[in-house]
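Peer 1: One structure follows; several queries about it will come next.
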Amino acid sequence: MGRALFLSLLCVAMLSASRVVQALPYDYSSSSECLPEPLEPHYGGGIIRNADFSAGLQGWSAFGYGVVEEGASASGNRYGVARNRTRPYQSVSQKVYLQNDTHYTLSAWLQVSDGSADITAVVKTNGEFIHAGGVEARSGCWSILQGGLTAPAAGPAELYFESNATVEVWVDNVSLQPFSQEEWAAHHHAAIKSARKKTVRLRARDSAAKPVPGAQVRIEHVRSGFPLGSAMSAEILHNPAYQQWFASRFTVTTFENEMKWYSTERVQGHEDYSVPDAMLRFARSHGIRVRGHNIFWDQPSQQPGWVQSLSAPQLRQATARRIKSVMSRYAGQVIAWDVVNENLHFNFFEGKFGWDASAGFYRRAHQMDGGALMSMNEFNTLEQPGDPNAVPGKYLGKLFQIKKFPGNTNDGRMAIGLEGHFSTPNIPYIRAALDTMSRAGVPIWLTEIDVVPGPNQAANLEKILREVYAHPAVHGIILWTAWHQRGCYVMCLTDNNFRNLPTGDVVDKLIREWQTRAHAGVADADGYYEAELFHGDYKVTVSHPVANATVVQSLTVDRETTDADNEFTIHV
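Under mature numbering (1 follows the signal peptide of the UniProt record, and there is no 0), the residues of the sequence shown are numbered -23 to -1, 1 to 549, in order.
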């Protein structure tokens, strides 16, 4: 896929320091294809010696008392081969030295001798085995594994590739590239500047269309353009404090449980949408957009109780009624639908209807609401590099299967939903996984972010939010923090009096940071005033320096605003 998508800023001024960080640009490139030959190693291999095996096995060794040999393709490409494997950990490996508190991005091209196999990259440090990424490798072509880790301490380590299958594992073009915390933050700064901001030029003209030099210009933030929100519980309907706290912060929401099938049809044939109806009215009255969650859930235990006893024909009729009922009611009122929830980890409907059950549901959903995004929604794609069920490649495989299904060939406004239920986040892996997911070319949303309780909960939440917000492929973020008096699912943002907890303080801090403060200045000799603005809605006030005239105009800056149309004329 090449290395086309680079951040070009080599020198980025850090906001938190007076010095300038010389940051190696981050390479966002990836591949979702299985290729006849591997691409060149990222960053020339970084700290990996003989990354492309051009010097044979120099620098490489066998891990776990395995057998390692050199392989070569018909074109002369050389690679490492782990043969005669009888244990998962028997692998090609290389010893490296890691620096403390340093982020490492990892990539490797992998192939197996027969069929397909799940492969996990593991970094063995002093007493710890860190899962750094995973991929389903195939025979006959090369697949890229992308991941990373943050070194827990300085010291020796060993990189190897683990698989429960006993096939040969072929390894080529490996890279392990270190980035300091300052460099990583510089990448954030550069990406935000590119993906979340635009420089606009306002030009003041008089009634004769002549420039007005010296015009007084003031730009005030009205509403943020990047969708940031939280899940909402039905308790918001009768709690004014909850309503005020929520509506003053968030621009998008998901109903935690209230739109799910087990909530709207607890008894077969008796539907009750009164609660989600009321929640939708509240959201719309405050300009808060809603994601539809969810039409179906592939987990057996999350079906309405009466569904479990249905025969396959009865279930088919019930699902047809369900999708027609919920989507005809809310079509045009939600921005996205989680059509089939968690269909990588579970397969309730596939078990009843066959492998293409999800694809059929998406086809019907496209027909019912052509204006909304249709999402897969899944956990552990970002959270757990060691979960083979949800690695980025498998997610994309399912997504492409749905898109290719008859009736879905128009791309169907598909979207990627990544839940984000974190314990200790692997920040480099999050970025690498998003790089891979971006190859689908569809919007990526973080749909259910939370972090397990503990002393680092708020700090980890901030790291996660900064990482995903800065990634160019991410289109929106929702926190899984619906408030309940009895306690939240995993993470609350406030106490029961709606005073912020440390996690809430993090969210408020980032909301302030990710919006443009008021601009005020004077137009130049040609009537121009230039400002760099976060995406969003703005109120622009322009006053003539001589005539007693003031004009107020609305301005919207978003990701669709191009450099060609970033100039706005205001007549004063």
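Heads up, the beta-carbon is just placed ideally off N, CA and C, and yes, glycines get one too.
None of the values given here were measured: they were computed from a predicted structure.
Roughly how many angstroms lie between the CA atoms of Ile96 and Ala109, to the nearest whole one?
Peer 2: Indexing the sequence shown from 1 puts residue 96 at position 119. Indexing the sequence shown from 1 puts residue 109 at position 132. Cα to Cα, the separation comes out at about 11 Å.
Peer 1: For Asn437 and Pro479, I'd like the C-alpha separation in whole angstroms.
Peer 2: By 1-based counting over the sequence shown, the position of residue 437 is 460. By 1-based counting over the sequence shown, the position of residue 479 is 502. Going by the C-alpha atoms only, they are around 11 Å apart.
Peer 1: At which residues does the beta strand (DSSP E) containing Trp147 begin and terminate?
Peer 2: In the sequence shown, counting from the first residue as 1, residue 147 sits at position 170. Looking at the DSSP string, the run of the beta strand (DSSP E) that includes Trp147 is 146 to 156.
Peer 1: Please classify Arg268: is it buried, with 16 or more other beta-carbons within 10 angstroms of its beta-carbon, or exposed?
Peer 2: Along the sequence shown, read from residue 1 onward, the residue named residue 268 stands at position 291. So Arg268 ends up on the buried side.
Peer 1: So, do the region 68 to 86 and the region 123 to 142 have three or more beta carbon pairs nearer to each other than 8 Å?
Peer 2: They touch, by the three-pair rule.
Peer 1: Would you check if the distance between the CB atom of Glu425 and the CB atom of Trp457 is smaller than 8 Å?
Peer 2: As a first step, residue 425 is located in the sequence shown; it is residue number 448 there, counting from the start. As a first step, residue 457 is located in the sequence shown; it is residue number 480 there, counting from the start. Result yes, Cβ atoms of Glu425 and Trp457 sit closer than 8 Å.
Peer 1: Have a look at Asn61 and Val45 and give me their C-alpha separation to the nearest angstrom.
Peer 2: Residue 61 sits at position 84 when you count from the first residue of the sequence shown. Residue 45 sits at position 68 when you count from the first residue of the sequence shown. Looking at the two C-alpha atoms, the distance is approximately 9 Å.
Peer 1: How about Tyr56 and Pro155: do their beta carbons lie closer than 8 Å?
Peer 2: Taking the first residue of the sequence shown as 1, we reach residue 56 at position 79. Taking the first residue of the sequence shown as 1, we reach residue 155 at position 178. Cβ atoms of Tyr56 and Pro155: not closer than 8 Å.
Peer 1: Runs of 4 residues minimum, wholly inside the region 373 to 438: which ones carry the alpha helix (DSSP H) assignment?
Peer 2: The qualifying runs are 404 to 414.
Peer 1: Between which residues of its own chain and Arg306 is the CB-CB distance below 7 Å, once the five residues before and five after are set aside?
Peer 2: For the purposes of this step, residue 306 is taken as residue 329 along the sequence shown, with counting starting at 1. Cβ neighbours of Arg306 beyond the five flanking positions: Tyr250.
Peer 1: Just confirm the distance between the C-beta atoms of Ile547 and Val517, as a whole number of angstroms; I'd bet it's less than 8 Å.
Peer 2: On the sequence shown, residue 547 is found 570 positions in, with the first residue counted as 1. On the sequence shown, residue 517 is found 540 positions in, with the first residue counted as 1. Contact holds; Cβ gap of about 7 Å.
Peer 1: Using DSSP with H/G/I as helix, E/B as strand and the rest coil, what is Met236?
Peer 2: As a first step, residue 236 is located in the sequence shown; it is residue number 259 there, counting from the start. If DSSP states are grouped into helix, strand and coil, Met236 belongs with coil.
Peer 1: Between Ala211, His19, His452, Gln434, which lies nearest to Pro2 when the distance is taken from Cα to Cα?
Peer 2: To locate residue 2, count along the sequence shown from 1; it is residue 25. The option with the nearest alpha carbon to Pro2 is His19.
Peer 1: Can at least three beta-carbon pairs, one atom from the region 322 to 341 and one from the region 369 to 380, be found at a separation below 8 Å?
Peer 2: As far as the Cβ criterion goes, the region 322 to 341 touches the region 369 to 380, which means the pair count is three or higher.
Peer 1: Going by alpha carbons, who is nearest to Val100 out of Gly363, Gln280, Ala342?
Peer 2: For the purposes of this step, residue 100 is taken as residue 123 along the sequence shown, with counting starting at 1. The option with the nearest alpha carbon to Val100 is Gly363.
Peer 1: Shortest alpha-carbon distance to Ala142 belongs to which of Ser207, Gln123, Ala59, Phe203?
Peer 2: Along the sequence shown, one-based indexing puts residue 142 at 165. For the residues Ser207, Gln123, Ala59, Phe203, the minimum Cα distance to Ala142 belongs to Ala59.
Peer 1: From what residue to what residue does the beta strand (DSSP E) around His343 run?
Peer 2: The count along the sequence shown starts at 1 and reaches residue 343 at position 366. From DSSP, His343 is part of no beta strand (DSSP E) but of the alpha helix (DSSP H) over 334 to 345.
Peer 1: So what's Glu242 in DSSP terms, helix, strand or just coil?
Peer 2: If you number the sequence shown from 1, residue 242 lands on position 265. Looking at Glu242 - three-state DSSP - the assignment turns out to be coil, as it is neither helix nor strand.
Peer 1: Are three or more beta carbon pairs between the region 307 to 317 and the region 284 to 292 nearer than 8 Å?
Peer 2: Because the criterion of three Cβ pairs below 8 Å is not met, the region 307 to 317 and the region 284 to 292 do not touch.
Peer 1: Under 8 Å, do Phe203 and His448 count as touching if we go by C-beta distance?
Peer 2: By one-based count along the sequence shown, residue 203 stands at place 226. By one-based count along the sequence shown, residue 448 stands at place 471. Result no, Cβ atoms of Phe203 and His448 do not sit closer than 8 Å.
Peer 1: Tell me where the alpha helix (DSSP H) around Glu327 begins and ends.
Peer 2: For the purposes of this step, residue 327 is identified with residue 350 of the sequence shown, where counting begins at 1. Run containing Glu327: 325 to 330, per the alpha helix (DSSP H) assignment.
Peer 1: Looking at the unbroken beta strand (DSSP E) that takes in Glu490, where does it start and where does it end?
Peer 2: Here residue 490 corresponds to residue number 513 of the sequence shown, with the count starting at 1. Glu490 -> not in any beta strand (DSSP E); alpha helix (DSSP H) instead, spanning 479 to 490.
Peer 1: Would you check if the distance between the CB atom of Phe259 and the CB atom of Phe326 is smaller than 8 Å?
Peer 2: Indexing the sequence shown from 1 puts residue 259 at position 282. Indexing the sequence shown from 1 puts residue 326 at position 349. No, Cβ-Cβ distance for Phe259 and Phe326 is not below 8 Å.
Peer 1: Could you give the residue range of the beta strand (DSSP E) that holds Ser70?
Peer 2: Residue numbering aside, residue 70 sits at position 93 when the sequence shown is read from its first letter. First-last of the beta strand (DSSP E) with Ser70: 68 to 75.
Peer 1: May I have the straight-line CA-CA distance separating residue 597 from Glu47, to the nearest angstrom?
Peer 2: Nothing about residue 597 can be read from this structure; the chain reaches only from -23 to 549.
Peer 1: Considering just the uninterrupted stretch of the alpha helix (DSSP H) at Phe223, what are its terminal residues?
Peer 2: Within the sequence shown, the letter at position 246 stands for residue 223. Counting along the chain, the alpha helix (DSSP H) containing Phe223 begins and ends at 217 to 224.
Peer 1: Report the three-state DSSP secondary structure of Asp254 (helix, strand or coil).
Peer 2: Position 277 of the sequence shown, counted from the first residue, corresponds to residue 254. In this structure, Asp254 counts as helix in the three-state DSSP scheme.
Peer 1: Give me the Cβ distance between Ala208 and Thr231, rounded to the nearest whole Å; I'm assuming they're in contact under 8 Å.
Peer 2: Within the sequence shown, the letter at position 231 stands for residue 208. Within the sequence shown, the letter at position 254 stands for residue 231. About 5 Å; that satisfies the 8 Å criterion.
Peer 1: Using 8 Å as the threshold, is the C-beta distance between Val151 and Ser68 below it?
Peer 2: Your numbering for residue 151 matches position 174 in the sequence shown. Your numbering for residue 68 matches position 91 in the sequence shown. No.
Peer 1: Output the distance between the C-alpha atoms of Ile300 and Val317, rounded to the nearest integer angstrom.
Peer 2: Residue numbering aside, residue 300 sits at position 323 when the sequence shown is read from its first letter. Residue numbering aside, residue 317 sits at position 340 when the sequence shown is read from its first letter. Approximately 11 Å, taken between the alpha carbons.
Peer 1: Between Glu319 and Ala459, which are expected to be in contact by the criterion C-beta below 8 Å, what is the C-beta distance as a whole number of angstroms?
Peer 2: Taking the first residue of the sequence shown as position 1, residue 319 is located at position 342. Taking the first residue of the sequence shown as position 1, residue 459 is located at position 482. About 18 Å separates the two Cβ atoms, so there is no contact after all.
Peer 1: Could you please give me the residues that DSSP links to Ala167 through a beta bridge?
Peer 2: Counting from one through the sequence shown, the residue named residue 167 turns up at place 190. Answer is none; Ala167 lacks a bridge partner.
Peer 1: For the beta strand (DSSP E) containing Gln88, name the first residue and the last one.
Peer 2: As a working mapping, residue 88 is identified with position 111 in the sequence shown. Looking at the DSSP string, the run of the beta strand (DSSP E) that includes Gln88 is 80 to 89.
Peer 1: Is it buried or exposed for Asp91, if we count other Cβ within 10 angstroms and need 16 for buried?
Peer 2: For the purposes of this step, residue 91 is taken as the residue at position 114 of the sequence shown. The residue in question, Asp91, is exposed, as its Cβ has fewer than 16 Cβ neighbours within 10 Å.
Peer 1: To the nearest angstrom, how far is the alpha carbon of Ala255 from that of Tyr219?
Peer 2: Looking up residue 255 in the sequence shown gives position 278. Looking up residue 219 in the sequence shown gives position 242. Between Ala255 and Tyr219, the C-alpha separation is close to 15 Å.
Peer 1: Roughly how many angstroms lie between the CA atoms of Phe475 and Ile213, to the nearest whole one?
Peer 2: In the sequence shown, the residue the question calls residue 475 occupies position 498. In the sequence shown, the residue the question calls residue 213 occupies position 236. In a straight line, the C-alpha of Phe475 is about 12 Å away from that of Ile213.
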